[in-house]
Amino acid sequence: MMQAFFDSMLELVIRTSTELPPDVRTAMKTATGREVPGSSAAQAMAIIAENIDQASEDEGAICQDTGMPTFEFKVPIGANQIRMREQVHAAVAEATRRGKLRPNSVDSITGRNSGNNLGPGTPVVHFDQWERDDIEVRLILKGGGCENSNAQYALPVELPHLGRADRSLDGARKCILHAVWQAQGKGCSPGALGVCIGGDRASGYHRAKLQLFRSLDDVNPDPQLSALEAEVMATANTLGVGPMGFGGEVSLIGCKIGVANRLPASFFVSVAYDCWAFRRLGVIVDGTDGRIMEWLYRDPSRAPVPMVGPGGAGFTRTGREKTLVAPIDEATVRSLQVGEVVLISGRMYTGRDAVHAHLMTHDPPVDLQGAVLYHCGPVVLEEGGGWKVKAAGPTTSIREEPYQPDVIRKFGVRAVVGKGGMGAKTLAAMKEAGAVYLNAIGGAAQFYARTIERVAGVSLLEFGIPEAMWHLEVKDFPAIVTMDAQGNSLHRDVEQESGERLALLRG
Ligand code: SF4
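Right, dumping it as structure tokens:
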């Protein structure tokens, strides 16, 4: 029983990481068709579509951030939860060893990465009982960029652009719209929301996340909540946040709302923001032999419908792209303008939270003059005596805002590649020193891994695989200039314009 149960859990983890569920594919395909051809939003969706296909074809992680694995169990009365938890842990460690999950479990005090996704609190496994003989297991992989875009509101509250949100369904509506606006592209929009109205702070967030286990095409049985879900879907998509926060037609692909009783003194609205890489699947497992009897959300007898093809398109060049070969000189960088697409070739160095903090008090381990610095925590495996990148999309850049201006000024970095944009201090440093911000498409881990020709080296590996500084040789790595050296920022503009549209929804 336990070997078969382990195999079932491993299959569940691998499928969830590599195969986007059909309901999410359908929503993303519809969203792709709504973007204006040739726009930055359409280009982002084209890369996302290609990435989704590549992930399921090669059984590679859809996004390099495979998130906090969260398992929700329903088990027969008397089932041995201790043994099941052990097998879940073993399956998570094995999926990590195979490069299907990124090592994501980090000691909160020392920063040490456990290397196998196991540690205090990880993975998250919840058990509930039911009066059936089989076992239901649902799994969601929700990454850091979208997790950081979650929001919790204690009503009544005064919200920017929307005014007061009272203790009512309309107050909840305002909070939900505010969460979409506030996330901009940082959570890799278009996103999907799980919402809980009520509960306490802890149960509200948990129940909000549980709403993400509903299919995107279901209908809420509560008519009031169903109406609110429809209203949010209609109005959130008038905000113009768009894919990756580039502006555009689609900001949201789903909104699922639940309720829980609350204390008289509290009225929380909790929003769990998930990204387009909305990875959740489930299985029904035989309670006696541990084998998978049925899949939830997917039909294994049907191959996934490709995203690219009729009704979709992969990334196509227009001939207007600019070629950047690193190291880059100042004149080239200063000639770039917001909205231009660049194709980067040559050496890129990854650097995220640990590297940026390290650079505040240390010299860089490599010469960063003219360098392209990539905000990325890749999935990398040791293979044949070298390193092989398995997944390598961008991470949310705004976390580096406290450090980035110094890194640009002190070390001569000419291009920062990431997603979601950066703030006013980085923009000022870019203008002063001559540097640009290049937005890669969040979550497109397989697409970007294919642009990496080889790993030329690694520094600071003691920070763990996602946080190390990887030296990557890339060819034709596409990205969009969203902050230029003249002081222009697409992110600032979209936030301002979508804020003005949000104000129209005050009600
Ligand atoms: S798609 Fe974006 S927000 Fe989602 S897990 Fe990947 S990097 Fe994070």
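Quick note on our numbering: the sequence shown kicks off at 1442 and runs consecutively.
Glycine is no exception: its CB is placed at the ideal position from the N, C-alpha and C atoms.
Nearest residue (CA-CA) to residue i, options the options
i: residue 1507; options: 1942, 1913 and 1907; result: 1907
i: residue 1711; options: 1588, 1631, 1657 and 1630; result: 1588
i: residue 1748; options: 1457, 1454 and 1474; result: 1474
i: residue 1442; options: 1729, 1746, 1797 and 1829; result: 1729
i: residue 1466; options: 1744, 1703 and 1552; result: 1744
i: residue 1664; options: 1700, 1633, 1641 and 1865; result: 1700
i: residue 1746; options: 1476, 1865, 1493 and 1944; result: 1493
i: residue 1849; options: 1837, 1836 and 1863; result: 1863
i: residue 1653; options: 1581, 1873 and 1736; result: 1581
i: residue 1894; options: 1689, 1833 and 1649; result: 1833
i: residue 1836; options: 1825, 1815 and 1828; result: 1815
i: residue 1861; options: 1520, 1868, 1503 and 1687; result: 1687
i: residue 1763; options: 1658, 1879, 1910 and 1501; result: 1879
i: residue 1844; options: 1824, 1827, 1853 and 1867; result: 1867
i: residue 1889; options: 1852, 1875, 1874 and 1914; result: 1914
i: residue 1912; options: 1657, 1805 and 1647; result: 1805
Exposure label - residue i; buried when at least 16 CB within 10 Å
i: residue 1518; result: exposed
i: residue 1464; result: buried
i: residue 1821; result: buried
i: residue 1903; result: exposed
i: residue 1916; result: exposed
i: residue 1734; result: exposed
i: residue 1742; result: exposed
i: residue 1783; result: buried
i: residue 1732; result: exposed
i: residue 1759; result: exposed
i: residue 1841; result: buried
i: residue 1941; result: exposed
i: residue 1554; result: buried
i: residue 1622; result: buried
i: residue 1676; result: buried
Counterpart residues of residue i in DSSP-defined beta bridges
i: residue 1715; result: 1633
i: residue 1702; result: DSSP, once it has assigned bridges, lists no residue as partnering residue 1702.
i: residue 1720; result: 1582
i: residue 1820; result: 1832
i: residue 1594; result: 1710
i: residue 1882; result: DSSP lists no partner for residue 1882.
i: residue 1859; result: 1880
Chain-order list of residues whose beta-carbon lies under 8 Å from that of residue i (same chain, five-residue window excluded)
i: residue 1670; result: 1661, 1696, 1697 and 1698
i: residue 1557; result: 1533, 1534, 1537, 1538, 1544 and 1546
i: residue 1877; result: 1774, 1777, 1855, 1856, 1857, 1871, 1922, 1924, 1925 and 1926
i: residue 1641; result: 1703, 1704, 1707 and 1709
i: residue 1682; result: 1621, 1622, 1624, 1625, 1626, 1630, 1688, 1689, 1692, 1935 and 1939
Beta-carbon contacts of residue i that lie in its chain and below 7 Å, excluding the five residues immediately before and after
i: residue 1569; result: 1514 and 1515
i: residue 1631; result: 1472, 1684, 1691, 1692, 1693, 1694 and 1717
Same chain, Cβ closer than 6 Å to residue i, five either side skipped, listed in chain order
i: residue 1486; result: 1473, 1476 and 1684
i: residue 1918; result: 1785 and 1892
i: residue 1795; result: 1904 and 1908
i: residue 1577; result: 1515 and 1725
i: residue 1787; result: 1766 and 1767
Cβ-heavy atom distance, residue i to ligand 2, below 7 Å
i: residue 1629; result: As presented, the structure is devoid of ligand 2, carrying ligand 1 as its sole ligands.
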